[in-house]
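A.B. asks: Structure in structure tokens, see below.
Numbering (this note's numbering), first residue to last: 375 to 701.
Structure below.
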């Protein structure tokens, strides 16, 4: 008469199982959010930069040629979608059962989507001045030669992706270089990673650290500082507005400006005021400070337009699972 013993779970066991299943994976197993953020970055780095890089090398070699431009663009777009965005969306499920508020996928005030257009443009000009001075720093001859070869490799690959000869081709390039990376990379960095860092490090450290990692992640030592600064700005936009779409829009503007500049055959190192090689250091500093003022004004108005979102942060609503998406 003992056959049925042990087959039916006790009611308390069922309750414990149900309770455990209602807790996100990282909480259930005691994984700290910052650690999970780093592990997520490592996982996506392996899939995108290493596996994706090896596949790119096998198909296109070290230097893709002009006849491979279309295939190279398609491969780049697929890499962003399949090796960054999809893994990110999967990893978010381990951190939360409420991905929309966690990722801050609320619709922002339209003004917070437009003001960063000015902020990003001004920041680009400031960082371009920085790069001009960085280029003038003398390096030992062997290191200078390696530096120039490495930089040329990056520039050739970028020009192959970004160059366009017609408006339809320009629109396709903007989709590949501006739209898709803006969505995929913002979901990873300002969506998953920064949110995880915020929970353990606080917003200021989370924004700074995510920005630095954003700069490192692109594996371009010559543009590390500009990329890190832009990454921090994007993190600030997402946090302050309590909407990921704000940083997505700013990221899109940043990349789209470069696509349009390439379309009009503007030199990658050029400023809106002219060729930096022909400008004096004093004039370059004046340009830097002028756009610095423009950037500060754009930031001031952004802060004004997002005052309500900041109040929600101060009140404890930081976009967590308990927050309202209609915020």
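All C-beta atoms in this analysis are idealised placements derived from N, C-alpha and C, irrespective of residue type, glycine included.
1. Use the C-beta contact count for residue 604: other C-beta atoms within 10 angstroms, 16 or more gives buried, fewer gives exposed.
2. Would you say residue 608 and residue 563 are within 9 Å of each other, going by their C-beta atoms?
3. Rounded to the nearest angstrom, what separates residue 334 and residue 408 at their Cα positions?
4. Sorted by chain position, which residues of the same chain lie with C-beta nearer than 7 Å to residue 620's C-beta, five sequence neighbours on each side aside?
5. Classify residue 698 as helix, strand or coil using the three-state DSSP reduction.
6. Where in the stretch 426–458 do unbroken runs of the beta strand (DSSP E), each at least 3 residues long, occur, reported from the N-terminal end onward?
7. Go ahead and pull the three-state DSSP assignment for residue 378.
8. Which residues mark the beginning and the end of the alpha helix (DSSP H) in which residue 652 is found?
9. One question on the structure: do residue 509 and residue 662 come within less than 9 Å of each other, judged by their Cβ atoms?
10. Taking all protein chains shown into account, decide if residue 680 is buried (16 or more other Cβ within 10 angstroms of its Cβ) or exposed.
11. Assuming residue 629 and residue 556 make a contact with CB atoms under 8 Å, what is their CB distance in whole Å?
12. How big is the Cα-Cα spacing for residue 654 and residue 506?
13. Taking the alpha helix (DSSP H) that residue 503 belongs to, which residues open and close that run?
C.D. replies: On the basis of the coordinates in this document:
1. As a first step, residue 604 is located in the chain shown; it is residue number 230 there, counting from the start. When all chains shown are included, residue 604 counts as buried.
2. Residue mapping note: residue 608 aligns to position 234 of the chain shown, counting from 1. Residue mapping note: residue 563 aligns to position 189 of the chain shown, counting from 1. The answer is yes: Cβ separation under 9 Å.
3. Nothing in the structure corresponds to residue 334, since the chain is present only between 375 and 701.
4. Numbered from its first residue, the chain shown carries residue 620 at position 246. Counting only Cβ-Cβ distances below 7 Å, and skipping sequence neighbours, we find 482, 486, 487, 490, 611 and 612.
5. Looking up residue 698 in the chain shown gives position 324. Model confidence at residue 698 stands at a pLDDT of 38, short of 50, so the residue's coordinates are unreliable and nothing is read from them.
6. Counting only unbroken stretches of 3 or more residues, no beta strand (DSSP E) element lies wholly within the stretch 426–458.
7. Residue 378 sits at position 4 when you count from the first residue of the chain shown. Any reading at residue 378 must be qualified, since the residue scores a pLDDT of 43, below 50, and its modelled position is unreliable; the value itself is stated next. The answer is coil: DSSP assigns residue 378 none of H, G, I, E or B.
8. Indexing the chain shown from 1 puts residue 652 at position 278. Segment: none, residue 652 is in no alpha helix (DSSP H) and carries neither H nor E.
9. Counting from 1 along the chain shown, the entry for residue 509 is found at position 135. Counting from 1 along the chain shown, the entry for residue 662 is found at position 288. No, Cβ-Cβ distance for residue 509 and residue 662 is not below 9 Å.
10. To locate residue 680, count along the chain shown from 1; it is residue 306. Looking at its Cβ environment, which holds 16 or more other Cβ atoms inside 10 Å, residue 680 is buried.
11. Taking the chain shown and counting its residues from 1, one reaches residue 629 at position 255. Taking the chain shown and counting its residues from 1, one reaches residue 556 at position 182. Correct: roughly 6 Å between the Cβ atoms.
12. Numbered from its first residue, the chain shown carries residue 654 at position 280. Numbered from its first residue, the chain shown carries residue 506 at position 132. Cα to Cα, residue 654 sits roughly 11 Å from residue 506.
13. On the chain shown, residue 503 is found 129 positions in, with the first residue counted as 1. Per DSSP, residue 503 belongs to the alpha helix (DSSP H) from 484–509.
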